[in-house]
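Residues 8 to 513 in the numbering used here are what the sequence shown spells out, letter by letter.
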Amino acid sequence: MINPKYFIFLPAVFLMSSCKRYLDVKPKGKLIPSSVTDYDHLLDATSTAEYNFLDGNRGSMLANLGDNLEMTEGQAKVGFLLTSHPNVERYYAYTYRQPYKDPNKDDQFWSSGSQGMYPQVSIFNNVIEGIRGLSQKTPEEEALGRISVAQALIARAYCYFNANMIYGPVYKPGADNSTKTIPYVVDVDINKPIPDLSTSAEVTSRVLGELHTALPDLPAKSSWPTRAGKATGHAMLAYYHLFTHQYDSVVYYANLAWTAAGSPANVLYDYNKFKLADPSRPLFSLFVSPQDAYMNMVNSREILFYRASEIEAGVAGRLSYPSAELIALYDQATDLRFSLFYLNSPGYKTTQGGGYDDGMRISNYSSRKMKITDGFSWPEVLLMRAEGYARTNRTDLAIADLNTLRQYRYKTGTPQLTAGTPDQVLQWVLEERRRELPIGGFKRFLDLKRFTLDKGKPWSKSQISHKIGGQTYTGTIDSKDFIVPISNVVLRFNPNWGIPLETRSY
């Protein structure tokens with residue numbers, strides 16, 4: 008019998024449970040890949056793109072820790088508590104009540120069946136080591152193998168880089184980053200011990216090495232947005248340097264990614280051209296545009312690298328709304344993102360718990376109207392370059408990038424931005440980034456952590472406060488309030504990590 012401490016990393020289990028597309032094209036009894044093409048097909052597993060730091064209902068407690076969402080008393084007391092919502096950790100996160108997740112159940116961010124980070128990593132490890140271990144490859148197989156390995160390396164680096172900051176403290180360039188965070192598993196041999204936890208610095212260093220190893224073999228353009236192409240590799244390097252505060256490198260890599268797109272019209276939708284397919288049903292009707300019909304698909308022109316984001320965050324009738332602070336960031340008269348996505352609709356209503364009726368509320372319908380990503384969108388690539396420019400005092404270039412995006416997001420005729428101080432321009436960029444990224448998911452959560460190092464700046468916060476009814480709850484960003492702990496389910500089988508079990512009641 009296999010020691011249960013290996014359960015979160017069993018490659019065979021993950022391949023059989025998560026790779027439906029793979030099983031569809033392999034005869035029964037032929038579950039173990041034996042060729043480059045077999046291994047390449049593993050990268051098409053749905054779980055590698057659809058379950059990134061999300062719970063079983065496609066939500067995420069990480070967004071509830073941040074400042075993009077707010078919750079009413081009815082949503083909290085009835086929607087989560089009275090009805091025993093299966094993802095009550097979202098409410099606990101919103102109120103900074105620890106432990107957020109049940110410590111004695113599987114952490115769905117980490118692994119749960121075919122979902123989570125380590126089931127994905129298991130697939131990527133099999134692709135990398137499986138292809139490298141094959142002998143007597145034809146020239147065609149050799150070429151495909153190099154691409155597949157490179158794409159798996161990028162995907163694995165994406166998982167580990169984000170997990171390092173989700174399960175660890177704020178990364179502080181040039182300071183002590185010796186806190187142990189996650190195991191950097193690269194082996195496919197289940198008979199080998201699980202490695203010790205890597206430090207935040209070690210994860211960051213290894214990710215950078217893997218990104219550079221992968222980059223030369225990435226294809227100029229990927230076959231599908233769930234796989235990395237050259238521009239994705241450059242975007243990932245820009246993202247890496249954004250969090251390690253090497254802003255000249257942010258500009259360098261974001262520029263390589265952005266210029267690969269050619270014209271902005273190739274990768275940006277002009278919101279001025281959007282029309283509702285059914286104007287009589289504005290809340291539920293999709294958009295149509297003369298540009299193409301892929302806005303609500305993974306191969307949307309704006310998605311560079313697809314990884315699913317939340318579908319419920321800020322939606323009326325669900326259990327959160329856009330925060331007043333987020334709504335206030337929009338110019339409601341000219342910003343088409345507001346008029347197209349922030350719609351007034353009936354809010355949460357119930358007769359339970361004495362009855363609650365939120366009335367009409369502004370909700371965010373972006374995830375219902377267009378496909379969004381927690382991977383990389385082309386607008387994010389442009390805004391990473393703009394942030395790099397702003398942080399290196401090239402404000403004219405940062406403003407030019409902002410105006411490029413605004414041309415596609417604001418009503419035709421809206422005046423362009425003009426010169427400002429370096430801090431003003433950087434704030435404009437960061438506000439545009441917040442408007443452009445998904446309202447849920449983990450990216451705002453991670454941004455709040457990195458912004459704590461910009462002490463004294465208007466975009467930097469040390470704490471976040473939430474209100475429910477007359478009660479205020481406050482969390483400190485650079486603290487355990489913004490760190491997801493490893494579940495007892497994992498810790499019990501890895502006592503060598505030296506992390507005490509969570510004993511507080513849930």
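The beta-carbon is built from N, C-alpha and C at its ideal position, and this holds for glycine as well.
Cβ neighbours of residue i in the same chain (closer than 8 Å, five flanking residues each side left out)
i: residue 235; result: 157, 158, 161, 162, 221, 225, 229, 243 and 312
i: residue 117; result: 15, 123, 124, 125, 493, 494 and 497
i: residue 95; result: 87 and 88
i: residue 399; result: 254, 255 and 258
i: residue 320; result: 66, 67, 70, 75, 76, 327, 371, 374, 445, 446, 447 and 448
i: residue 64; result: 93, 94 and 319
i: residue 35; result: Since pLDDT at residue 35 reaches only 33, below the 50 mark, its modelled position is unreliable, and the value read off the structure follows with that caveat. Answer for residue 35: no residue qualifies.
Exposed unless 16 or more other CB atoms sit within 10 angstroms - verdict on residue i
i: residue 473; result: buried
i: residue 330; result: buried
i: residue 391; result: buried
i: residue 367; result: exposed
i: residue 255; result: exposed
i: residue 403; result: exposed
i: residue 147; result: exposed
i: residue 263; result: buried
i: residue 289; result: exposed
i: residue 185; result: exposed
i: residue 440; result: buried
i: residue 354; result: buried
i: residue 164; result: buried
i: residue 97; result: buried
i: residue 100; result: buried
i: residue 219; result: exposed
i: residue 465; result: exposed
i: residue 511; result: exposed
i: residue 149; result: exposed
i: residue 499; result: exposed
i: residue 139; result: exposed
Cβ-Cβ distance between residue i and residue j below 8 Å
i: residue 445; j: residue 317; result: yes
i: residue 296; j: residue 276; result: yes
i: residue 370; j: residue 352; result: yes
i: residue 306; j: residue 376; result: no
i: residue 384; j: residue 310; result: yes
i: residue 344; j: residue 442; result: yes
i: residue 460; j: residue 179; result: yes
i: residue 415; j: residue 247; result: no
i: residue 435; j: residue 409; result: yes
i: residue 217; j: residue 336; result: no
i: residue 113; j: residue 121; result: no
i: residue 43; j: residue 144; result: yes
Neighbourhood of residue i by C-beta, 7 Å cutoff - its chain only, sequence neighbours within 5 removed
i: residue 357; result: 81, 85 and 363
i: residue 509; result: 106, 110, 492 and 495
i: residue 490; result: 174, 175 and 176
i: residue 332; result: 74
i: residue 27; result: Legend: pLDDT at residue 27 = 31, less than 50; position of this residue unreliable, value from coordinates given subsequently. Cβ within range, chain order: 53.
i: residue 280; result: 296, 297 and 298
i: residue 418; result: 279, 341 and 343
i: residue 379; result: 316, 373 and 445
i: residue 339; result: 345
Nearest residue (CA-CA) to residue i, options the options
i: residue 126; options: 53, 486, 280 and 188; result: 53
i: residue 413; options: 258, 116 and 342; result: 342
i: residue 484; options: 396, 121 and 176; result: 176
i: residue 237; options: 154, 204 and 500; result: 154
i: residue 424; options: 441, 336 and 405; result: 405
i: residue 314; options: 490, 169 and 510; result: 169
i: residue 467; options: 449, 433, 71 and 447; result: 433
i: residue 188; options: 198, 252, 203 and 304; result: 203
i: residue 372; options: 383, 350, 354 and 365; result: 350
i: residue 411; options: 272, 361 and 250; result: 272
i: residue 191; options: 44, 437 and 206; result: 206
i: residue 55; options: 381, 91 and 267; result: 381
i: residue 462; options: 430, 335 and 506; result: 430
i: residue 476; options: 365, 167 and 269; result: 365
i: residue 128; options: 59, 339, 144 and 181; result: 59
i: residue 360; options: 428, 301 and 90; result: 90
i: residue 214; options: 396, 166 and 507; result: 166
Own chain partners of residue i with C-beta closer than 6 Å, once the 5 adjacent residues on each side are dropped
i: residue 282; result: 295
i: residue 388; result: 242, 261, 264 and 265
i: residue 534; result: In the structure as shown, the chain starts at 8 and stops at 513, and residue 534 therefore has no counterpart that could be examined.
i: residue 37; result: Unreliable positioning characterises residue 37 in this predicted model, as indicated by a pLDDT of 39, which lies under 50. A coordinate reading is not provided.
i: residue 211; result: none
i: residue 504; result: 204
i: residue 458; result: 466 and 467
task: Entirely within the stretch 188-268 and at least 3 residues each: give me those beta strand (DSSP E) ranges in chain order.
output: Fully contained in the stretch 188-268 are the following beta strand (DSSP E) runs of length 3 or more, in chain order: 204-206.
message: In chain order, what are the residue ranges of uninterrupted beta strand (DSSP E) at least 3 long that sit wholly in the stretch 109-190?
response: Runs of the beta strand (DSSP E) inside the stretch 109-190: 187-190.
- prompt: Which residue spans inside the stretch 292-363 form an unbroken beta strand (DSSP E) run of at least 3?
  reply: DSSP runs (the beta strand (DSSP E)) wholly in the stretch 292-363: 310-312 and 349-353.
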